[in-house]
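> Here the sequence shown is numbered in this note's numbering, starting from 510 and rising by one per residue.
A virtual CB, placed ideally from N, CA and C, is assigned to each residue, including glycine.
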Amino acid sequence: QRNLIPLKGQHLDIYCSTYILNVMVQNGTQDMHNTISKIPENVKYIKGIIKMATQF
């Protein structure tokens with residue numbers, strides 16, 4: 510009987526591991542992007558508060 514799965518299915522394990530790692534990295538970078546994209550808005554808010562406090 511001939512084995513129809515090359516390398517006893519090891520390439521499937523590598524593919525699955527690579528896919529899972531890719532999903533984890535994409536989720537992590539999306540979280541970082543969401544956080545970093547809020548920084549300019551927060552800086553503007555803080556500068557506005559400081560300006561209002563000095564004018565008061």
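To the nearest angstrom, report how far apart K560 and V534 are at their CA atoms.
Rounded to whole angstroms, K560 and V534 show a C-alpha spacing of 40 Å.
> I'd like the list of long-range same chain contacts for Y528, defined as Cβ closer than 8 Å, with 5 residues on each side in sequence excluded.
Shown here for Y528: not one same chain residue has a beta carbon closer than 8 Å to its own, the five before and five after excluded.
> Alpha carbon to alpha carbon, what distance is there between N543 and A562?
Taking the straight line from one Cα to the other gives about 29 Å.
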